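Residue numbers (my numbering), protein chains in the order written: chain A, 1 to 188; chain B, 189 to 376.
Think of the CB as a built atom: it goes at the ideal place given N, C-alpha and C, for glycine as much as any other residue.
Here the structure is a predicted model, which is why all the values come from computation and not from measurement.
Here is the structure we will look at, set down as structure tokens.
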């Protein structure tokens, strides 16, 4: 951020009076431009004993597999955003079942919310964001080709919960060190 | 938003190619400036059978009571943000117990996350954001002087859960119509 989005003049990075963190502040009109974490919302779409994954057709992680998820938009709920992202990335229509996981990713200022969701039917397919969309049983998950640590962590916990017969809300933090697990097979 | 924060030129509101929502797009450098919901994170600080509330010393809702909560900052977790806001608004140090509620407020593009939290001791007091900070038993809650519908809704569910002997994760949406309940006593 170099310029004030309100008046177009140059911004400086200073700690405003009464604050304790540096902010982008307009040198002319004084407007403070706060920057805050973004919510990524998405689904674990379920069909019988399988879940729906999509192969990313856009960067980052083009060509790797992920759950349908994306940035929450203004004026929607987290569940509406999760269903919308699922539609945009897989063409599937889902019914939200429940919130399954909340993961903080503080080093990139994101909070991931993933919902268990019921697929209404088998209408799904690739979109301009996804090269391929497919259902996977637990033993078919492409563990070595997953796009993001938060997806790996969510799926590990999901199948563990499923084998225990109970889904519990999962909370956790994703650290940069967890990138080292990417490309590795299921550890179980 | 009138000007591009990257290059300082005028922005237009258009639907970018491959998108389906209007965005602020720079007429010169082409940068797309997305706007997304913000997370408000905070605590229900518990001490024996009482909870800690603060009387707002800043707008909006100056002089009304609320739970300590505020905008999540970049590079922190939701729980860290909740403890930080509690410290900033009440001086209290807390240990996070668990996530208690997630409320969407789509008409103002906010998502509220409130955590049950254990107070370490009775060190608390007013700050530059709070006129007064005090512990309240259930029958002392100032229902008619609460600041926000999301706080009223959270506290109603919290005391209901407590009387049932079990705290359950609460998810819900806050609508503009719920403002009509403000200023009213506990409905139970």
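Near residue i, which residues of its chain fall below 6 Å by C-beta distance, leaving aside the five closest residues on each side in sequence?
i             : result
residue 95/A  : 118
residue 258/B : 273
residue 334/B : 253 and 340
residue 60/A  : none
residue 183/A : 144
residue 295/B : 364
residue 178/A : 149
residue 170/A : 101 and 157
residue 270/B : 229, 230, 231 and 303
If distances are taken between C-alpha atoms only, which option among the options comes closest to residue i?
i             : options                     : result
residue 175/A : 109/A, 124/A and 166/A      : 109/A
residue 205/B : 195/B, 375/B and 219/B      : 219/B
residue 303/B : 355/B, 223/B and 226/B      : 355/B
residue 373/B : 326/B, 239/B and 202/B      : 326/B
residue 299/B : 37/A, 126/A and 14/A        : 37/A
residue 260/B : 39/A, 124/A and 125/A       : 39/A
residue 293/B : 106/A, 91/A and 78/A        : 78/A
residue 160/A : 178/A, 91/A, 187/A and 74/A : 187/A
residue 140/A : 74/A, 91/A and 155/A        : 155/A
residue 236/B : 301/B, 350/B and 189/B      : 350/B
residue 50/A  : 19/A, 180/A and 158/A       : 158/A
residue 80/A  : 62/A, 113/A and 63/A        : 113/A
List the residues of chain B that residue i touches, going by C-beta distances under 9 Å, in chain order.
i             : result
residue 78/A  : 225, 290, 292, 299 and 359
residue 128/A : 206
residue 99/A  : 290, 357 and 359
Output needed for residue i: all residues of its chain with C-beta closer than 8 Å, excluding positions within five of it in sequence on either side, in chain order.
i             : result
residue 3/A   : 9, 10 and 11
residue 76/A  : 84
residue 309/B : 281
residue 330/B : 241, 253 and 324
residue 6/A   : 26, 29 and 31
residue 97/A  : 46, 115, 116, 117 and 118
residue 88/A  : 68, 70, 127 and 129
Reducing DSSP to helix, strand and coil, say where residue i ends up.
i             : result
residue 331/B : helix
residue 347/B : helix
residue 244/A : What is shown of chain A runs 1 to 188, which leaves residue 244/A out entirely.
residue 197/B : coil
residue 352/B : helix
residue 294/B : helix
residue 181/A : helix
residue 149/A : helix
residue 189/A : One cannot answer for residue 189/A here, as it falls past the ends of chain A, which runs 1 to 188.
residue 73/A  : coil
residue 138/A : helix
residue 116/A : strand
residue 313/B : coil
residue 88/A  : helix
residue 59/A  : coil
residue 360/B : strand
residue 281/B : coil
residue 205/B : coil
Quick one: list the residues of chain A neighbouring residue i, beta-carbon separation under 8 Å, in chain order.
i             : result
residue 408/B : Outside the shown range of chain B (189 to 376) lies residue 408/B, about which nothing can therefore be said.
Residue i versus chain A: which residues are under 9 Å apart at the beta carbon?
i             : result
residue 195/B : 2 and 3
residue 295/B : 75
With 9 Å as the threshold, decide whether the Cβ of residue i is near any Cβ in chain E.
i            : result
residue 45/A : The question asks about chain E, but that chain is absent: this structure's protein chains are A and B.
Please go through the same chain and pick out, in chain order, the residues whose beta-carbon is closer than 7 Å to the beta-carbon of residue i, but skip the five residues on each side of it.
i             : result
residue 172/A : 103 and 153
residue 222/B : 211
residue 21/A  : 15
residue 126/A : 132 and 133
residue 124/A : 52, 90, 91, 92 and 133
residue 1/A   : 11, 24 and 33
residue 250/B : 244
residue 181/A : 149 and 152
When every heavy atom of the ligand MG is checked, does at least one fall within less than 8 Å of the C-beta of residue i?
i            : result
residue 15/A : As far as ligands go, the structure on display features none, and thus does not contain the ligand MG.
Taking contact to mean 3 or more Cβ pairs, one atom from each stretch, closer than 8 Å, check whether the segment 220 to 232 of chain B and the segment 319 to 330 of chain B are in contact. no
Taking contact to mean at least 3 C-beta pairs separated by less than 8 Å, is the segment 98 to 109 of chain A in contact with the segment 149 to 162 of chain A? yes
Could you check whether the segment 49 to 57 of chain A touches the segment 23 to 37 of chain A, counting it as contact only if at least three pairs of C-beta atoms, one from each stretch, sit closer than 8 Å? no
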